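Visitor: Have a look at this one.
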Amino acid sequence: MSLLQSVKNLVRSHSIHVAYVDVGSCNGCDIEVLACLSPRYDIEQYGIYVHNNPREADILLVIGAYTPGWEEKLHTLWEKIPDPKAAIAIGNCPISGCLFNRPHSLVDPPVSKHIPIAAEVPGCPPRPTEILSAVLSLAPLVFKDYEVAKR
Amino acid sequence: MKRTVDVSIPIGPIHPCFKEPARVKCETKGEFVLSAEVELGYMKKGIERIMRGRPWQEVMFLAERVCGICSVIHNMVFIEALEQMSAIFVPDRAALLRVIVNELDRMQSHILANFSYCYTIEHETLAMYLLDVREQVMDELERITGARVTCAYIVPGGVRFDLRHEDALHLKANLAAIEGEVVRYMHMFESGPLIALRSRGIGVLTREAALEAYAVGPTARASGMPEVDRRLRHPTYKTLGFSPVSRTEGDNYARIMVRFQEVLESIGIIRRCLDMLPEGPIRGGGIPGAGEISYSGEAPRGELSYFVKTDAAGRVLDISIQTPSIMNIEACCHYMLKGVTSLADVPSTFVSADPCIACTER
């Protein structure tokens, strides 16, 4: 492994920028992502920074059951994120639609139909610690030796 | 005079300051905002369409998921509407426990709203302090109801779990700690000179404008309308003898201060409930039957109304929900944002009205 690659690995393991997008949830998971920022969970001690800017993000947290308002927009947003990148589905909604996936509803789950999802955190809503551990366990799998794996 | 618009600036739907997707379109001249418009439609799930034709046992859980921040009040208003309709008796202990849980939910929602505002004006220290206090409130909510967000605590005729004696003692001790911290942060907010520069006199909603826009909740109470508080008409709250908070400035500063004061008010209400809490059962009897009712309650953001129509088996034939945020969003874009002198104040003014997009669109 080249020196450059090991430097990249080192830097990437301590700097993960996160953006979150709400594609039609009840807000509960949204708030649990915000709660990760609080000093009790202290997401920044692991080098995770919640930015909410797709152009700087490494990881996209997708919340919600995919409403018609996000057609085309979610895919555009995903393409704006630079490589290497990964998307995590937070909560039951992006996985199965939870209880919104019923006749006559407007949602179109799962979100993995629309953008590639790398990890899923079930729960209605999941606890902040679960969201945190999902981000921390996914990051080395995606970002370590990214260039080597690509070749 | 001819009106010149320099540029129309869209803010959102993905924006670092917004918790939820909404787009604010501002027509500006220089930095001066001439008019603003809010574009919604990113979160429409059609919950009311799913609810129709389902038994109340399912609709109860759907009602709770209209909004994840103020889930307790949606549960409470729906269940109390059913109770009023079918004359179901609620024991005194259960009625007071409902008030305790509802006020804890109001506290965490108000603290979260103030966190968002402080984060938007980039006072990150105060924002993080507030988020830390919120975790303590969430702990209490979890200890009583068993879940952090969607707890489904209130059921027809009572509540799901009893409050144990040691939990009541823990709640009392924790409330004292929370009160001390909230008072400290309120003084920090009051006396911060930079906070005052970003908040005082910005996004003013006068009493006349608030009446015209039918503003509700803390937004209206910050414009000198204490009578909009629906808790004044609730039978259990009437026995607790509380007086709603109100201020007269009507700017961003007043809206945040009203929320701080309401958190302290809620702590007082919970203490009175704990003192009055009688021994006894927590469940009455009764099954929801046929009927039709319109019922409102006070959500953290303002008046929440449910219209429910059921058949004899308790199936919901028709339901319509009116949430408080739609009123405040209208008040925000037509009155508050107009005349904001700097574009940097647009997100903070929008956030100070505490819009909840998930409730609004359902």
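Note that the protein sequences, when read in sequence, are chains Y and S. For the first sequence, position 115 matches number 443 in our numbering, and the numbering has no gaps at all. For the second sequence, position 234 matches number 270 in our numbering, and the numbering has no gaps at all. We put the beta carbon where it would ideally sit given N, CA and C, even for glycine. For clarity, every value in this text was computed on a predicted model and none was experimentally measured.
(1) So Y:Pro453 contacts chain S; which residues on that side make the cut at Cβ distance below 8 angstroms?
(2) Using a beta-carbon distance below 7 angstroms, is Y:Arg368 in contact with chain S?
(3) Using a cut-off of 8 angstroms between C-beta atoms, extract the partners of Y:Gly352 located in chain S.
(4) Can you tell me whether DSSP reads Y:Val339 as helix, strand or coil?
(5) Can you tell which of Y:Ile445, Y:Trp406, Y:Tyr394 has the C-alpha that lies nearest to the C-alpha of Y:Asn429?
(6) Counting only beta-carbon atoms, is Y:Asp358 nearer than 7 angstroms to chain S?
(7) Looking at the strands, I want to know which residues DSSP matches up with S:Val185.
(8) Figure out for me which residue from S:Thr40, S:Pro52, S:Gly66, S:Ala72 has the closest Cα to the Cα of S:Pro46.
(9) By Cβ distance, which residues of its chain are closer than 6 angstroms to Y:Pro456, with the 5 residues on each side in sequence left out?
(10) Roughly how many whole angstroms lie between the Cα atoms of Y:Pro367 and S:Asp347?
(11) I want to verify the contact list: residues of chain S whose CB lies under 9 angstroms from the CB of Y:Trp406, in sequence order.
(12) At 7 angstroms on the CB atoms, spell out the chain S contacts of Y:Val435, in chain order.
(13) State the Cα-Cα distance for the pair S:Cys103 and S:Ser227, rounded to the nearest angstrom.
(14) For a cutoff of 7 angstroms on Cβ pairs, would you count Y:His403 as touching chain S?
(15) Can you list the residues of chain S that Y:Pro382 reaches, using a CB-CB cut of under 9 angstroms?
(16) Is the shortest distance between the beta-carbon of S:Pro57 and the beta-carbons of chain Y less than 7 angstroms?
(17) Whose Cβ in chain Y lies nearer than 8 angstroms to the Cβ of S:Asp168?
(18) With DSSP run on the structure shown, which of helix, strand or coil describes Y:Ser330?
(19) When you compare the segment 79 to 90 of chain S with the segment 110 to 119 of chain S, are there three or more beta-carbon pairs, one atom per stretch, that lie closer than 8 angstroms?
(20) For Y:Ala393, go through chain S and note every residue whose CB falls closer than 8 angstroms to its CB, in chain order.
(21) Under a three-way DSSP split, which group does Y:Glu399 fall into?
(22) Quick one: what does DSSP say S:His159 is sitting in, helix, strand or coil?
(23) Which complete alpha helix (DSSP H) runs does the segment 377 to 449 of chain Y hold, if anything under 4 residues is left out?
(24) Measure the C-alpha to C-alpha separation of S:Ile157 and Y:Leu405 and round it to an integer number of angstroms.
(25) If S:Ser388 sits next to S:Arg291, beta carbons under 8 angstroms apart, how far is it from one beta carbon to the other, in whole angstroms?
(26) Under 7 angstroms Cβ to Cβ from S:Ile105, same chain only, skipping five residues before and after it: list those, please.
(27) In the DSSP assignment, what residue or residues form a beta bridge with S:Gln358?
(28) Do S:Ala258 and S:Gly237 have their C-beta atoms closer together than 7 angstroms?
(29) Can you give me the Cβ contacts of S:Ile303 inside the same chain, cut-off strictly under 6 angstroms, excluding the 5 residues immediately before and after it?
(30) Just checking, does the segment 242 to 262 of chain S make contact with the segment 301 to 319 of chain S on the three C-beta pairs under 8 angstroms criterion?
(31) For S:Glu171 and chain Y, any beta-carbon pair shorter than 7 angstroms?
(32) Using the three-state DSSP reduction, which class does S:Pro46 fall into: helix, strand or coil?
(33) For S:Cys309 versus S:Val126, is the C-beta spacing smaller than 7 angstroms?
(34) What do you get for S:Phe197, buried or exposed, if any count of 16 or more other CB atoms within 10 angstroms of its CB means buried?
(35) Distance check for S:Ser378 and Y:Ser440, CA to CA, integer angstroms please.
(36) Between the Cα of Y:Val390 and the Cα atoms of S:Ala99, S:Ile115, S:Pro57, S:Asn138, which residue gives the shortest distance?
Guide: In brief:
(1) Position 125 of the first sequence, counted from the start, is the residue given in the question as residue 453 of chain Y. Chain S residues near Y:Pro453: Gly104, Arg184, Val185, Thr186.
(2) Working through the first sequence from its first residue, we reach residue 368 of chain Y at position 40. Any Cβ of chain S closer than 7 angstroms to the Cβ of Y:Arg368 would place that residue at the interface, and such an atom is present.
(3) As a working mapping, residue 352 of chain Y is identified with position 24 in the first sequence. Residues of chain S with a Cβ closer than 8 angstroms to the Cβ of Y:Gly352 are, in chain order, Tyr78, Met79, Lys80, Lys81.
(4) Residue mapping note: residue 339 of chain Y aligns to position 11 of the first sequence, counting from 1. Here Y:Val339 sits in helix by DSSP.
(5) Residue mapping note: residue 429 of chain Y aligns to position 101 of the first sequence, counting from 1. Of the candidates Y:Ile445, Y:Trp406, Y:Tyr394, the one whose C-alpha sits nearest the C-alpha of Y:Asn429 is Y:Tyr394.
(6) Locating residue 358 of chain Y in the first sequence gives position 30, where the first residue counts as 1. The beta-carbon of Y:Asp358 is placed less than 7 angstroms from the nearest beta-carbon of chain S.
(7) Start at 1 with the first residue of the second sequence, and residue 185 of chain S comes out as number 149. The beta-bridge partner set that DSSP reports for S:Val185 is empty.
(8) For the purposes of this step, residue 46 of chain S is taken as the residue at position 10 of the second sequence. If we check each option's Cα against that of S:Pro46, S:Ala72 comes out closest.
(9) Mapped onto the first sequence, residue 456 of chain Y falls at position 128. Answer for Y:Pro456: Glu360, Ala363, Cys364, Tyr369, listed in chain order.
(10) Here residue 367 of chain Y refers to the residue found at position 39 when the first sequence is read from its first residue. Here residue 347 of chain S refers to the residue found at position 311 when the second sequence is read from its first residue. The alpha-carbon atoms of Y:Pro367 and S:Asp347 are separated by roughly 49 angstroms.
(11) Translated into positions along the first sequence, residue 406 of chain Y becomes position 78. Listed along chain S is no residue with a C-beta nearer than 9 angstroms to that of Y:Trp406; the closest approach is about 12 angstroms.
(12) Residue numbering aside, residue 435 of chain Y sits at position 107 when the first sequence is read from its first letter. Scanning chain S for C-beta atoms nearer than 7 angstroms to the C-beta of Y:Val435 yields Lys81, reported in chain order.
(13) Taking the first residue of the second sequence as position 1, residue 103 of chain S is located at position 67. Taking the first residue of the second sequence as position 1, residue 227 of chain S is located at position 191. Distance between the alpha carbons of S:Cys103 and S:Ser227 is about 33 angstroms.
(14) Position 75 of the first sequence, counted from the start, is the residue given in the question as residue 403 of chain Y. Output row for Y:His403: interface = no.
(15) For the purposes of this step, residue 382 of chain Y is taken as the residue at position 54 of the first sequence. Close partners of Y:Pro382 in chain S (Cβ separation under 9 angstroms): Ile50.
(16) In the second sequence, counting from the first residue as 1, residue 57 of chain S sits at position 21. The beta-carbon of S:Pro57 is placed less than 7 angstroms from the nearest beta-carbon of chain Y.
(17) Taking the first residue of the second sequence as position 1, residue 168 of chain S is located at position 132. Per Cβ cutoff of 8 angstroms: Ser366, Pro367, Arg368.
(18) Numbered from 1 along the first sequence, position 2 holds the residue referred to as residue 330 of chain Y. Coil at Y:Ser330, not helix or strand.
(19) In short, these stretches do not touch, since the Cβ pair count stays below three.
(20) Mapped onto the first sequence, residue 393 of chain Y falls at position 65. Chain S residues near Y:Ala393: Lys81.
(21) In the first sequence, counting from the first residue as 1, residue 399 of chain Y sits at position 71. For Y:Glu399, the secondary structure class from DSSP, reduced to helix, strand or coil, is coil.
(22) Within the second sequence, the letter at position 123 stands for residue 159 of chain S. Three-state DSSP puts S:His159 in coil, outside helix and strand.
(23) Fully contained in the segment 377 to 449 of chain Y are the following alpha helix (DSSP H) runs of length 4 or more, in chain order: 401 to 408, 420 to 424.
(24) Along the second sequence, one-based indexing puts residue 157 of chain S at 121. Along the first sequence, one-based indexing puts residue 405 of chain Y at 77. Rounded to whole angstroms, S:Ile157 to Y:Leu405 spans 26 angstroms at the Cα level.
(25) The sequence position of residue 388 of chain S within the second sequence is 352, counting from 1. The sequence position of residue 291 of chain S within the second sequence is 255, counting from 1. About 5 angstroms separates the two Cβ atoms, so the contact holds.
(26) Position 69 of the second sequence, counting from 1, holds the residue named residue 105 of chain S. Residues Ser145, Leu148, Cys392 of the same chain have their beta carbon placed closer than 7 angstroms to that of S:Ile105, with the five preceding and five following residues left out of the count.
(27) Residue numbering aside, residue 358 of chain S sits at position 322 when the second sequence is read from its first letter. Partner residues in the beta bridge of S:Gln358, as assigned by DSSP, are S:Ser341.
(28) Reading the second sequence from its first residue, position 222 is the one you call residue 258 of chain S. Reading the second sequence from its first residue, position 201 is the one you call residue 237 of chain S. In terms of Cβ geometry, S:Ala258 and S:Gly237 do not form a close pair [threshold 7 angstroms].
(29) For the purposes of this step, residue 303 of chain S is taken as the residue at position 267 of the second sequence. Around S:Ile303: Leu211, Glu215.
(30) At 8 angstroms Cβ cutoff, the stretches do not touch.
(31) Mapped onto the second sequence, residue 171 of chain S falls at position 135. Residue contact with chain Y for S:Glu171: present (Cβ-Cβ distance below 7 angstroms to some residue of chain Y).
(32) Taking the first residue of the second sequence as position 1, residue 46 of chain S is located at position 10. S:Pro46: strand per DSSP, three-state reduction.
(33) Position 273 of the second sequence, counted from the start, is the residue given in the question as residue 309 of chain S. Position 90 of the second sequence, counted from the start, is the residue given in the question as residue 126 of chain S. It is not a contact, given that the beta carbons lie outside the stated cut-off.
(34) On the second sequence, residue 197 of chain S is found 161 positions in, with the first residue counted as 1. With fewer than 16 neighbouring CB atoms inside 10 Å of its own CB, S:Phe197 falls in the exposed class.
(35) The count along the first sequence starts at 1 and reaches residue 440 of chain Y at position 112. The count along the second sequence starts at 1 and reaches residue 378 of chain S at position 342. Rounded to the nearest angstrom, the two C-alpha atoms are 41 angstroms apart.
(36) The count along the first sequence starts at 1 and reaches residue 390 of chain Y at position 62. The shortest C-alpha to C-alpha distance from Y:Val390 to any of S:Ala99, S:Ile115, S:Pro57, S:Asn138 is the one to S:Pro57.
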